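Scroll down for the structure; my scribbles are underneath it.
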Amino acid sequence: MTEKQWLIFQFKTTHEAAFALNNYLLACGAAGISTIDKTELKKSFRKNYSPDVIAEDFLNNLDYEVVIEAYFPVYSESLLQENKTCFLSEDNFKVEINQELNLAITEMEKIAKQRISIAQFEMKIEKSLARIAEFSDIGEGYTGYRRIKTENWSEQWKQYYHTHKIGRIVINPSWLEYSAQANEIVLNLDPGSAFGTGEHESTSLVLNFLSEFDFKILPSGPILDLGTGSGILAIALAKLLPDAEIIALDIDPHAIEVAKANSVINSVDNIAFSTGELHMQNQKYSLIVANLTADIHLDLMQTYKSKLISGGYLIVSGIIERRAAEVKAIFMQNDFALISEKNENDWLSIIFHI
Ligand code: SAH
């Protein structure tokens, strides 16, 4: 068995910010992420067990809404040379993260890695948290790291990931064989290689809509995935509609590089990627899918309107339940017709027509 060292970075945050933070950590190349979400745990305790005072008590005493721990491989020259680590100072340890790529990705199997010091990584983390804090309450934020040794952990965590179907969209980890049924499309993804797993409700709700959507009703014109992140929705669209022109846009250049790499892994070539904002685009779209937040959707509402072809559709997601009524009312007062809505746990996704 191979023994490997890992650095575990811990965050205490809110239900709302957890999604963005998870996405960021995956994009950095976390080999695994464990999330303890008090709200989700409470629900599953209620669903699966008889009322259990001790469990409720335990949950009420958890000090934070969500605790996230992200695992990164640790690297040290001296560690490799001497196989001894106990006398090394922390400066000797490097975190292995995904490189922020500016190069064109052609035949890339894996995203290039870079090794940076723990302190440098902590600075990156703080910067990203500050960005997330612009649109959601991040709670306590980053709380520190610890180092562990585990045998074959990188293999062990694979047992927790399975093939996972959302309608006719199948998300399959690369180490599993899957033969697609007629009508199914398969997205290849590895949780450790910077691809959102589609397990977050706000992503799976959109995948669900896309799986059932009758694309024949769309006016002709390109389709936009706004805030593409890992590219999961753009790649699903590209596979569902191989002849369509798909645009994947994100304000974060790093996300765009990751999404490009994932499109190569998934062998799709009908996506045009770009970094920027919706108002800067000079074309109109037949369909816009946007998994963002309630506040961002409200800010962008007029821009959505001006960037949709008449008769076009808008799928918004990432709306937390307590903001649902407000978002629906404001969109409907502004000429958007509500076609369909789906919710899962605390999250809502809506299809609008203009
Ligand atoms: N579409 C993916 C990722 C959603 S995370 C999924 O469904 O899983 C949201 C993404 O939107 C992040 O990558 C973030 O960088 C990006 N984003 C946030 N605000 C944005 C804006 N105003 N315009 C474009 N992208 C934005």
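Using our numbering, read the sequence shown as starting at 6 and increasing by one per residue.
Each residue gets a CB set at the ideal place from its N, CA and C atoms; glycine is no exception.
Every value quoted in this text rests on a predicted model; they were computed, and no experiment measured them.
DSSP places S322 within a strand segment (E or B) once states are collapsed to three.
With distances taken between CA atoms, A266 lies nearest to Q104 out of Q104, T19, H20. Fully contained in the region 226–272 are the following alpha helix (DSSP H) runs of length 4 or more, in chain order: 237–245, 258–270. Secondary structure of F278 (DSSP, three-state): strand.
The shortest CA-to-CA distance from Q307 to any of H284, T40, I325, K17 is the one to H284. Classified as exposed, S315 has fewer than 16 neighbouring CB atoms from the shown chains inside 10 Å of its CB. By the Cβ criterion, the region 69–82 is in contact with the region 6–26, since at least three pairs of Cβ atoms, one from each stretch, lie closer than 8 Å. The same chain holds no residue with a CB closer than 6 Å to that of D96 once the five nearest residues on each side in sequence are set aside. For K43 and V71, the gap between their C-alpha atoms comes out near 6 Å. Relative to the non-hydrogen atoms of the ligand SAH, the Cβ of S291 never comes closer than 7 Å to any of them. Around Y309, the same chain offers I293, L319 as residues with beta carbons nearer than 7 Å, after the five sequence neighbours per side are excluded. Taking 7 Å as the cut-off, the C-beta of S279 does not count as close to any heavy atom of the ligand SAH. The three-state secondary structure of I344, taken from DSSP, is strand.
Each of A295, S311, S268 was checked against the Cα of S354, and the nearest Cα belongs to A295. With distances taken between CA atoms, V175 lies nearest to A241 out of A334, N28, I153, A241.
About 31 Å separates the CB atoms of N275 and A299; that is not less than 8 Å, and the two are not in contact. For E262, the shortest C-beta to heavy atom distance toward the ligand SAH is 7 Å or greater. At least one heavy atom of the ligand SAH lies less than 7 Å from the C-beta of A25. Proximity of the region 168–188 to the region 220–236 falls short of the contact definition, fewer than three beta-carbon pairs being nearer than 8 Å.
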